[in-house]
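If you count the sequence shown from 1, position 120 lands on 120 in full-length UniProt numbering, and the numbers rise without skipping. All residues carry an ideal CB built from backbone N, CA and C; glycine is no exception. Notes for the one structure printed next.
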Amino acid sequence: MFFEPTGEAFVDGETIYVGSRDGVRAVATTDGTQRWQTDQDRISLIGATDTTALYYASFLESGVYRANLQTGAVESSSDFGPVGGPPAVTDEVIVVGTDYNAAGEQENELVGLSKSGLNENWSVTEVGRSYTGGIGYGDQAIVGFGMGDQPRIESRDPVTGELNWAVNGYVTAPIRAHEDTLYVPIAGDGVELLKIAPDGTVAWRHLLEERRATQYVYTAAPAFHDGRAYLASYHQLHALDIQTGEVVWTAQTDNPLESTPAIVGDYVWVAPTASSDEERNRTLLGFEIETGEQQVQTQFAASTQGTFELGSRLGVRMENQLVAFSVEA
Numbered sequence: 001m002f003f004e005p006t007g008e009a010f011v012d013g014e015t016i017y018v019g020s021r022d023g024v025r026a027v028a029t030t031d032g033t034q035r036w037q038t039d040q041d042r043i044s045l046i047g048a049t050d051t052t053a054l055y056y057a058s059f060l061e062s063g064v065y066r067a068n069l070q071t072g073a074v075e076s077s078s079d080f081g082p083v084g085g086p087p088a089v090t091d092e093v094i095v096v097g098t099d100y101n102a103a104g105e106q107e108n109e110l111v112g113l114s115k116s117g118l119n120e121n122w123s124v125t126e127v128g129r130s131y132t133g134g135i136g137y138g139d140q141a142i143v144g145f146g147m148g149d150q151p152r153i154e155s156r157d158p159v160t161g162e163l164n165w166a167v168n169g170y171v172t173a174p175i176r177a178h179e180d181t182l183y184v185p186i187a188g189d190g191v192e193l194l195k196i197a198p199d200g201t202v203a204w205r206h207l208l209e210e211r212r213a214t215q216y217v218y219t220a221a222p223a224f225h226d227g228r229a230y231l232a233s234y235h236q237l238h239a240l241d242i243q244t245g246e247v248v249w250t251a252q253t254d255n256p257l258e259s260t261p262a263i264v265g266d267y268v269w270v271a272p273t274a275s276s277d278e279e280r281n282r283t284l285l286g287f288e289i290e291t292g293e294q295q296v297q298t299q300f301a302a303s304t305q306g307t308f309e310l311g312s313r314l315g316v317r318m319e320n321q322l323v324a325f326s327v328e329a
């Protein structure tokens with residue numbers, strides 16, 4: 001099936017969720033068949049699931065939606081402003097925020113919405129910072145902010161909105177939880193990765209790449225495998241020891257990286273984005289997981305936009321389709 005994926009694709013169980021020009025599509029990981037599609041215009045998908053529903057928005061567009069996982073039927077929605085990142089989905093409430101700074105406004109809003117009807121339970125004004133995404137984390141909603149004067153990571157009670165703790169940092173990519181710990185990519189003096197304990201204690205903060213005056217910061221959420229975190233940042237792919245934060249290896253790429261690596265087989269896979277003087281990039285790269293040595297470089301007819309894990313297979317998001325590959329040892 002050919003269609004134009006928009007935004008990141010993410011996998012939950014046996015389903016791939018991806019945006020398109022015609023709404024959200026749910027695609028089976030086993031054979032690539034489409035399970036359902038929402039009846040909407042272009043959706044650049046940012047979302048998260050629980051056991052019954054997909055909660056999602058289209059990046060920097062107004063509206064949050066709840067879709068039934070089995071049928072794709074949109075069961076409820078809430079329209080409160082341009083959404084800046086994926087919602088934090090908790091047991092009773094989803095927490096999500098706005099990014100009005102892209103439209104030249106000054107104040108943004110963080111809201112707690114009921115999961116069933118997406119009715120507003122609480123809201124707080126976030127002055128000087130824009131929402132970049134969140135994650136449900138036990139009984140906490142972890143939310144990140146970038147831009148403005150006061151970027152930071154916050155833990156809030158999802159039911160009341162009360163602030164538990166905050167850590168400074170300009171959040172540039174989705175927050176991830178791994179083995180009861182938070183990992184947050186931020187832009188500070190350059191590209192950094194933070195490891196944060198449930199109580200807000202920063203276990204380590206590692207600078208991966210220093211900022212250059214003309215550098216646009218590309219980062220993506222980290223991937224994890226066998227005691228390491230793998231993070232793509234601009235022209236570099238990093239492997240870090242998650243206990244110490246020390247870099248195990250770093251690999252260079254000709255083109256920028258702005259999507260999460262996929263760990264499949266004995267390789268770390270990335271699909272670079274086009275450089276400033278290119279119309280598109282058609283390359284898939286594979287790096288040896290232990291050493292970081294590049295072992296694979298494959299060219300496709302269509303441009304490559306991202307990779308994702310499908311168990312023992314590698315998923316690639318292209319400009320006109322999703323493709324699954326078998327990876328040989």
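Candidates Q236, L240, I289: which alpha carbon is nearest P272's?
-> One-based indexing of the sequence shown puts residue 272 at position 272. It is Q236 whose Cα lies nearest to the Cα of P272.
Looking at the structure shown, is N101 part of a helix, part of a strand, or coil, going by DSSP?
-> Here residue 101 refers to the residue found at position 101 of the sequence shown. Secondary structure of N101 (DSSP, three-state): helix.
Please state if the CB of G81 and the CB of E109 are separated by a distance shorter than 8 angstroms.
-> Here the question's residue 109 lines up with position 109 in the sequence shown. Here the question's residue 81 lines up with position 81 in the sequence shown. Inclusion of E109 and G81 in the CB contact set at 8 angstroms is warranted, their separation being smaller than that value.
Alpha carbon to alpha carbon, what distance is there between G128 and E288?
-> By one-based count along the sequence shown, residue 288 stands at place 288. By one-based count along the sequence shown, residue 128 stands at place 128. Separation of E288 and G128 (C-alpha to C-alpha, rounded to the nearest whole angstrom) is 42 angstroms.
Below 8 angstroms, can you find three or more Cβ-Cβ pairs linking the region 169-186 to the region 113-125?
-> They do not touch, by the three-pair rule.
Residues that DSSP places opposite E309 in a beta bridge | As a position in the sequence shown, residue 309 is number 309, starting the count at 1. Paired residue(s): L314.
DSSP puts T181 in a beta bridge; with which residues?
-> In the sequence shown, counting from the first residue as 1, residue 181 sits at position 181. Answer by DSSP bridge pairing, in chain order: H178.
Going by Cα to Cα distance, which pick from A88, V159, E210 is closest to I153?
-> Locating residue 153 in the sequence shown gives position 153, where the first residue counts as 1. Checking every option, the nearest Cα to that of I153 belongs to A88.
Going by CA-CA distance only, name the one from D79, A67, A73 that's closest to residue 330.
-> Nothing can be reported for residue 330, as the shown portion of the chain is limited to 1 through 329.
Buried versus exposed call for Q305 [16 or more other C-beta atoms within 10 Å across all chains shown] | Taking the sequence shown and counting its residues from 1, one reaches residue 305 at position 305. Buried: at least 16 other Cβ atoms inside 10 Å.
When L284, Q294, E293 are compared against A324, the one with the closest alpha-carbon = Start at 1 with the first residue of the sequence shown, and residue 324 comes out as number 324. Selected option, being the one with the closest Cα: L284.
With a threshold of 16 other CB atoms inside 10 Å of the CB of A28, please say whether the residue is buried or exposed.
-> On the sequence shown, position 28 is the one that residue 28 refers to. Classification of A28: exposed, given that the 10 Å Cβ count is below 16.
Which of helix, strand or coil DSSP assigns to V159 = Translated into the one-based positions of the sequence shown, residue 159 becomes position 159. It is coil, neither helix nor strand.
State yes or no: is the C-beta of W269 within less than 8 angstroms of the C-beta of G292?
-> In the sequence shown, the residue the question calls residue 269 occupies position 269. In the sequence shown, the residue the question calls residue 292 occupies position 292. Taking 8 angstroms as the cut-off, the Cβ atoms of W269 and G292 do not count as close.
Note down, one range per segment and in chain order, each beta strand (DSSP E) of at least 3 residues found wholly within the UniProt domain "Pyrrolo-quinoline quinone repeat" (197-297).
-> Scanning the UniProt domain "Pyrrolo-quinoline quinone repeat" (197-297) for uninterrupted beta strand (DSSP E) segments of 3 residues or longer gives 202-210, 223-225, 228-241, 247-257, 262-264, 267-270, 283-288, listed from N- to C-terminal end.
Taking the beta strand (DSSP E) that P5 falls in, what are its first and last residues?
-> Counting from one through the sequence shown, the residue named residue 5 turns up at place 5. Per DSSP, P5 is one residue of the beta strand (DSSP E) stretching across 5-12.
Can you tell me the Cβ-Cβ gap for A221 and T260, rounded? I've got them flagged as a contact below 8 angstroms.
-> Here the question's residue 221 lines up with position 221 in the sequence shown. Here the question's residue 260 lines up with position 260 in the sequence shown. In this structure A221 is in contact with T260, their Cβ atoms being roughly 5 angstroms apart against a cut-off of 8 angstroms.
Contact under 8 angstroms by Cβ, H206 with E192 = Stepping through the sequence shown from its first residue, residue 206 is reached at position 206. Stepping through the sequence shown from its first residue, residue 192 is reached at position 192. The answer is yes: Cβ separation under 8 angstroms.
State buried or exposed for N281, treating a residue as buried only when at least 16 other CB atoms are found within 10 Å of its CB.
-> Indexing the sequence shown from 1 puts residue 281 at position 281. Buried, because 16 or more other Cβ atoms sit within 10 Å of the Cβ of N281.
Just curious, the beta strand (DSSP E) that L60 is in, first and last residue?
-> Locating residue 60 in the sequence shown gives position 60, where the first residue counts as 1. Careful: L60 lies outside any beta strand (DSSP E) and carries neither H nor E.
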